[in-house]
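First to last, the protein sequences are chains A and B. Per UniProt numbering: the first sequence = residues 1 to 83. Per UniProt numbering: the second sequence = residues 1 to 265. Note that CB positions come from ideal geometry on N, CA and C, so glycine has one too. Worksheet for the structure shown next.
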Amino acid sequence: MNTSLLEYRIAGLQRRLAEDGTAELGIRVEARSGLVLVHGTVPSTACRDELLEVIAAELDGLPVRTDIALVEALAPDHPEVLS
Amino acid sequence: MTAPESAAGAAADTGAGTAVRIAAVGDIHMGEESRGLLRPAYETLSGCADVLLLAGDLTRHGTADEARVVADEIAGLPVPVVAVLGNHDHHGDRPDEIAAILRASGAAVLEGTSTVVQAGPYRLGIAGSKGFGGGFAGRCGSDFGEAEMKSFIRYSRRLADGLRDALTEVADCDVRVALTHFSPVADTLAGEPPEIYPFLGSYLLAEAVDDAGADLAVHGHAHAGTERGMTGGGVLVRNVAQPVIRRAFAVYELHPRAARQAAPA
Ligand SMILES: [Fe+2]
Ligand SMILES: [Fe+2]
């Protein structure tokens, strides 16, 4: 078994994000040419910090690019009128 | 907390009394770290909505402590709050306790049940179920084979049947909304990897909505999906997962059939 293969490292990160306390199932981890892209939206800066820590630990040694947005908590400025 | 800066200005008081105004959001995934985050926006609801629907995944891990953060966030709001739970709210294996904590703060928590809210002159019926996965017509699991597979599909079917029954209960309302966490349609999943669609929703929910009838179906769960879709029977579907709508909530104005017919063209 070769657990250093990129696809298993990516699967390992996604499993850990879901199951090990971060409970982030909506985060995408994708192998791009030359780097691993991790992107998605989280509810708070605390969640983002926690997430970045797990990513750094789990993908240690790999070139990683993260794009983690925070949810927006403003009220909408207009309704959608449905017909 | 600082005073809320109202961003609902343009929405304020539009449609009051002539339309049913439904505010909705799912996947707020609250924990101690997000306490108070949504409250300022929720306090603007009296000006722009008749009800607030919460489409599940209200907590991160389904703990009682997280549920109390949600309960505090929605306690004493100026509009009724109606919720379903999501898969995250089940993660702690105590969904009944989570529901009880939310109910204690005044919310109605639905699972195969319905509630009626008065929206100006109109009666708004809301039928809710968490729903579950299984996939979409032609690309879905079957009640066949291993016990685990059969129980997966039977569970999904049982919840969809509950939604159908609940919608039927409110058949006499002016407007009916189906509230779920999992998606009834694939439309609103666009943006998610197609391979995981069977974990994001089930056509059984859409079939229930089309059988029993509804004016709108609202769901969450698909954080990377899109907002707009429609069932095979023509019922509008909106994915209100907070990362999708990118607001504290979305507001949909529905004009009841009776009002539409009475209004000049
Ligand atoms: Fe979620
Ligand atoms: Fe979910």
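Could you please give me the residues that DSSP links to Gly125/B through a beta bridge? Val116/B and Arg176/B
Residues of the stretch 7-23 of chain A in Cβ contact with chain B at a cutoff of 7 Å, in chain order, please. Going along the stretch 7-23 of chain A in chain order, one finds Ala23 with a Cβ nearer than 7 Å to chain B.
Tell me which residues share the same chain as Thr170/B and place their Cβ nearer than 7 Å to its Cβ, disregarding the 5 neighbours each side in the sequence. For clarity, residue 170/B is Val in the given sequence; the question names Thr instead. Correct list, in chain order: Ser114, Val116, Gly125, Ala127 and Arg176.
Does the separation of the CB atoms of His223/B and Ala241/B fall below 7 Å? Between His223/B and Ala241/B, the C-beta gap is smaller than 7 Å, which places the two residues in contact.
I'd like to confirm something about Asp57/B: is its beta-carbon nearer than 6 Å to some heavy atom of ligand 1, or not? yes
How would you write the range of the alpha helix (DSSP H) that Arg164/B sits in, first residue to last? Under the DSSP assignment, Arg164/B falls in the alpha helix (DSSP H) whose first and last residues are Ala147 to Glu169.
Would you check whether ligand 1 has a heavy atom nearer than 6 Å to the C-beta of Asp93/B? no
Sufficient close CB pairs (3 or more, under 8 Å) joining the stretch 208-228 of chain B to the stretch 136-145 of chain B: no
Please report the distance separating the alpha-carbon of Thr180/B from that of Ala208/B. C-alpha separation (whole angstroms): 12 Å.
Suppose you measure from the CA of Gly17/B to the CA of Cys173/B; what does that come to, to the nearest Å? 16 Å
So for Ala3/B, helix, strand or coil by DSSP? The predicted position of Ala3/B is uncertain, since its pLDDT is 43 and thus under 50; a value taken from the coordinates is nonetheless stated next. Ala3/B: coil per DSSP, three-state reduction.
Using beta-carbon positions only, say whether Leu45/B and Pro78/B come within less than 7 Å of one another. yes
Ligand 1 heavy atom lying under 6 Å from the CB of Asp27/B: yes
Taking 7 Å as the CB-CB cut-off, is Val36/A touching chain B? no
Would you identify the three-state DSSP class for Leu254/B, choosing helix, strand or coil? strand
Which residue or residues does DSSP assign as beta-bridge partners of Ile22/B? DSSP, once it has assigned bridges, lists Val51/B and Tyr252/B as partnering Ile22/B.
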